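Residue numbers (this note's numbering): 34 to 1044.
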Amino acid sequence: MTRTKRSQYPSARTLPVLLLAVLALAAIGTPAQSQEVLSLDIEPQSAGSALVTLAELSGMQIVLSEGAGEKVDVEGLKGEYRFEDALAALLTDTGLEYQFASERMVVVQVVEQAAQPDAAVQDAAEEDEQPIELAVQVVTGSRLRDTLSGAPVFVLTREEIDRRGLGSVEDVIRSLPQNFSDVNAGAARDNSINSVDAMGQSMVNLRGFGEQATLVLVNGRRWPQASSFGNGGVNINGLPFSAIDRVEVLTDGASAIYGADAQAGVVNIILRDDYEGGETSVRYDMGAHEGDVRRLTQSLSMGWSGGHANLSVSYSENAAIDNPKAGFTSSDFTGRGGRDSRLQPGSFFHFGQPGVVGYGIQSGNFNIILAPLGALPQGDDGTTGVFSKLSPANLVPWDFAATSAAENTSHNENTSGHLMVTQEVLNGSLELFGEFTFSYSDSWAHRGSERYAGPVPASNPYNDIPPHPFFQTLVSYSFSAEYAAGIMDPISNDSDQNNRRLTLGFRAELPFRDWVADFSASRGKEESWYLYYNIDPDLLAERIAGVDSAGNPLPIEQVINPFGNGTAQSPAAVQDLVKPLLDIEGPADANWNYSRQDDLVLSLNGTVFSLPGGDVQLAIGAESRTEQLDYSDDQSRGAIITVPDPERDIISFFGELGVPLIGAANRMTGIDSLGLKMALRSDEYSFSGPFGGLGSPLSEKTFDSVSPKIELAWYPVSELKVGVTWGESFVPPTSNNLFRRENGPFGFIRVVDPENPDRGLQIPNTYFTGNPDLEPEISETLTVGFEWTPDGMLDGLSVKIAWFDTEFSDKFGSGTLLAFENPEQLFKIPGTVFRDAQGNIERLNLFTVNLAERYSEYLDVSLRYQFDTARWGYYTVGVNATLNAQLQDVATPGAEPTDLHGTPGGPERWKGYGYINWAQGNATLNLIANYSSSYEGLRFSPQERVENYLTFDLTGSYEFGDSGWKVFAGARNITNKAFPFFDSNTPWDPRRVDLRGRVVHLEVRKSYDLF
């Protein structure tokens, strides 16, 4: 295919600017006050939660000022109201009042003392003084309060999560059109994507920039990285799903606000802390391909004078999905336009049952057959003689998928919870808080039957093959029949992930203006444990030889017959062959590894001075963080990274300034409001390791950078917001990138040597290594977008569109991916290709590389229209989608760009969902259509394109009056649409499909008072 250079693209940055200008001019003069009639069904709850719902439904921006109470309850509101009438009704008798800061922004605050003749109301307001984080622009993407922001942020409320039928944190993240993660329930078991260490884990990867480039916050604070990866990514399955109140997603780079790992954006998971009483729920998900999920959750919350506590606990069980249940019954994909991946006769890796026999040399786990003898006829159990019946004509392709029902997802059990306690002292001027979050997860899965490749001595009573004068008698044999008969255990994996985070801190009102100090100290830890069950090689050697370690003959029933079809295999011969590897190779704690994150953050924010447009706000602060990985008790990790306890120390200083240039007091035609925000952050990362190369003494190295960001928010009229942001981000390498231990050789990379092209395709020895010369990657992002919520004839419409343009220099890239997608570029990267004295390729080194450049352009679109038919209910229709217009890597200066968008190595061009929601009375019904576009097949596959994928979800709920009972039910992928064929290890792409197929769910929820 023709690769398109970036310079050949039209100037994409000019298109959204022109579009915004046209829309802005068209919107000027539109009526300002919204007269839309809203159909509301807001349950009794905290004021904060109720106002979030009202803001979402109305399209207005509601900001709770400092001192308003997060534990103030409202009695709910049902019926049809205009916005201001609904707001007034909700705040009745709460001690709160509102005023319009602009025609699309409302500030809610505590009623002044003089205006509260009722002492009881006054006391309640004083007791409950507490800031509530409401507006998305305030919570995520800024440390400032009540300031205009140009950054694009969207929110998934608990109500929307329920409407879509999502049942886990992974479901929520996978539903985001901007997410493209290699780590989820399905991909975790695919060794072409991840190692088995990923089992039971899931991560976020916004835009396909990498899991380490998306910052995950919980209640605005960093979550510790997953210890099993060491790449800075966060295991979101360790977060308590039952405690989630909403998920806020900033789809713009935010390194100037939060630090280096916010390059692609921020996912801020806000946990519930604003309700009183208890809630119990039971949920069951049933998959068409199994993978069923059972979940039980319990939430309790109570308040007292100046304080509040809430606890959420969840327990879940997930069943696994194996090959046949998901439709993977053969590795021969030729009938579907793919490859025949069965092991073919005569190939280096050919196995079989009956066993494949020949004379040759054993090399590691494989046989090099120099004089093939063939195999027994199909159906021969090998008990009536072997040599006379061996023939190459008996060899058939070996189909592992057809003979071994390996599991593609894991069984999981998870218990997680969240406890938060707050207490006000000093008449509410100081709030103390503490949070504790925990998760304990156990995952296990089997990988089917094992195989044997090696010599069969003459002492084996089934071996009647004449010995060769120079070579061994070798056999390649699969134990699939023994596994299928249940007389032999499968090889399998078991893993645990335990994480916990404790945060203590305070918020204090300072004695000048409205300044507030916020301090938190957090410690987060994750422990991962892995146990691999495989064949005991010593015991296997004894039973193949037919003699024990002392040379004594074994009873015939304990001797393995590796020549036949396995049907006559004695159970005693394979009994206890499969054991935990730790019983074979090391101590019981050898596969523990740990991660720890200690974080201290102090920030001050408040008003500096006032302008006609409003208050100028400033936030300043500092952060000290230590991130440590401990592999000292993990022998498997000791073979992967040269530093047993890699650690990096981070010192950061940050500042953010919000300037309201034009506001209510000085607005003019064409500028209803105008705000400017500037941020600056300095980060210094310190590492210790063998920067001089493998075996060199440890030395210190520091990576540092200053990341700026500028945002402009312009409202030509109150209904139209135009936002522009520009910023830079920097990402340092990880310890794993720098100090990975050499691992190899492997023979799976095919290259044509540009210095010796006449030699054709070669398969040189390939090694995985670290790259101590790796430099930080730098990116620059420009974002232009608008949000339009018109009144008048278009009342109820909401349009949000944002265009992003990101350019990287020294972008981290996978040498392995480059070897598969563009192997000729390997020869241009220093340290990759080594030659002998004659100029022949001696070895290839694959490591993380600094690509010359990466270019990325994408468009986010969100459309929503709400209308009320009165008699037939209230409707909401909408679309949320992402266009990945460009994701290209340039490996070396002057090289042709390599497309990642629309390929197996990157996100689809189009991905999104459309929806129709209906609500009337106590009932809701929702229809969702999910779409992802087609993309290219793998480089060495005959499949040119993987088809697009369109599925439909149908969900609903019903609330039984004021009883507190509510039922949710529905199905995702309701038609059980088949997965698009993908010619890989499996016939699907596990990063893009839910292997459960159709998922039917039922949830019963009960809310109640505690006292």
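We put the beta carbon where it would ideally sit given N, CA and C, even for glycine. All of these numbers come straight from a predicted model, not from anything done at the bench.
#1: Along the chain, where does the alpha helix (DSSP H) that runs through A578 open and close?
#2: Whole angstroms are fine: how far does the CA of D126 sit from the CA of D663?
#3: Quick check on the burial criterion: 16 or more other C-beta atoms within 10 angstroms. Buried or exposed for M232?
#4: Using C-beta distances below 6 Å, list every residue in its chain close to L465, excluding the 5 sequence neighbours before and after it, in chain order.
#5: Roughly how many angstroms lie between the CA atoms of D838 and D932, to the nearest whole one?
#6: Is the beta carbon of S762 sitting closer than 8 Å to the one on G241?
#7: Kindly confirm or deny that the stretch 713-730 and the stretch 680-697 touch, where touching means at least three C-beta pairs closer than 8 Å.
#8: With distance defined between alpha-carbon atoms, name the residue in Y392, G418, N427 and T416 nearest to A408.
#9: Less than 7 Å separating the Cβ of G970 from some heavy atom of the ligand FAD?
#10: Between R700, D1022, F880 and T735, which lies nearest to H799 when the distance is taken from Cα to Cα?
#11: Measuring only between beta-carbons, confirm whether P185 sits less than 8 Å from chain D.
#12: Mind checking who G557 pairs with in its DSSP beta bridge?
#13: Is there contact here, the stretch 549-567 with the stretch 581-593, by at least three beta-carbon pairs under 8 Å?
#14: From the DSSP output, which residues share a beta bridge with K358?
#15: Using a Cβ-Cβ cut-off of 6 Å (strictly less than) and excluding sequence neighbours within five positions of T814, which residues of its own chain qualify?
#16: Give the DSSP-derived three-state secondary structure of N270 in the structure shown.
#17: Kindly indicate which three-state DSSP category G780 falls into: helix, strand or coil?
#18: Kindly provide the ranges of any beta strand (DSSP E) runs that are 3 or more residues long and lie completely inside the stretch 413-467, ordered along the chain.
#19: Does DSSP put E650 in a helix, in a strand, or in coil?
#20: Please state if the CB of D716 and the CB of A184 are separated by a distance shorter than 8 Å.
#21: Buried or exposed: which applies to L87, given that a residue is buried once 16 or more other Cβ atoms fall within 10 Å of its Cβ?
#22: Alpha carbon to alpha carbon, what distance is there between V326 and S349?
#23: Counting beta carbon pairs with one atom in the stretch 916-928 and one in the stretch 1003-1015, are three or more of them shorter than 8 Å?
#24: By a C-beta neighbour count over all protein chains shown, 10 Å radius and 16 as the cutoff for buried, is M236 buried or exposed?
#25: To which residues of the same chain is Q331 closer than 6 Å at the C-beta, ignoring the five residues directly before and after it?
#26: DSSP on Q155, reduced to helix/strand/coil?
#27: Could you tell me if Q1093 is buried or exposed, where buried requires 16 or more neighbouring beta carbons within 10 angstroms of its beta carbon?
#28: Decide if N398 is buried, meaning its Cβ has at least 16 other Cβ atoms within 10 Å, or exposed.
#29: What span of residues does the alpha helix (DSSP H) with S28 cover, start to end?
#30: Using a Cβ-Cβ cutoff of less than 8 Å, which residues in the same chain neighbour L272 once the five nearest sequence positions on both sides are dropped?
#31: Check each candidate in L713, R714, G696 and A712 and name the one with the smallest Cα separation from S706.
#32: Measuring only the C-alpha atoms, how far is G780 from V1000?
#33: Select from Y114, F116, L123 and R972 the residue whose C-alpha is nearest the C-alpha of D106.
#34: May I ask you to verify whether the stretch 356-367 touches the stretch 428-448, counting CB pairs closer than 8 Å and requiring at least 3?
#35: Leaving out five residues on either side along the sequence, give the residues of the same chain with a beta carbon under 8 Å from the beta carbon of G393.
#36: Assign F860 to one of three DSSP states: helix, strand, or coil.
Taking the structure as given:
#1: DSSP places A578 inside the alpha helix (DSSP H), whose first and last residues are P570 to A578.
#2: 55 Å
#3: buried
#4: Q456 and F539
#5: 16 Å
#6: Contact flag unset, no.
#7: yes
#8: N427
#9: The model depicted lacks the ligand FAD and carries no ligand whatsoever.
#10: The question names His, but residue 799 is Thr in the sequence shown. That would be F880, whose Cα lies nearest to the Cα of T799.
#11: Absent from the structure: chain D. Only one protein chain is present.
#12: Paired residues: R534 and Q630.
#13: no
#14: In the DSSP output, where bridge partners are listed per residue, K358 has none listed.
#15: G286, G760 and T839
#16: helix
#17: In the structure shown, G780 adopts coil according to DSSP, grouped into three states.
#18: 444-458
#19: The sequence as given places Gln at residue 650; Glu does not occur at that position. Three-state DSSP puts Q650 in a strand.
#20: no
#21: buried
#22: 7 Å
#23: no
#24: It is buried - the Cβ of M236 has at least 16 other Cβ atoms within 10 Å.
#25: T313 and V346
#26: Note that Q155 scores 38 on pLDDT, short of 50, meaning its location in the model is unreliable; the coordinates nonetheless yield the value given after this. Helix, per DSSP.
#27: Residue 1093 lies beyond the range of the chain shown here (34 to 1044); nothing can be said about it.
#28: Residue burial annotation: N398 is exposed, with fewer than 16 other C-beta atoms found within 10 angstroms of its C-beta.
#29: Residue coverage of the chain in this structure runs from 34 to 1044, which leaves residue 28 outside it and unanswerable.
#30: V202, V251, W256, I302, S449, T470 and S472
#31: G696
#32: Rounded to whole angstroms, the gap between the alpha carbons of G780 and V1000 is 55 Å.
#33: L123
#34: yes
#35: N400, I401, I402, L403, A404, F504, Q505 and L507
#36: helix
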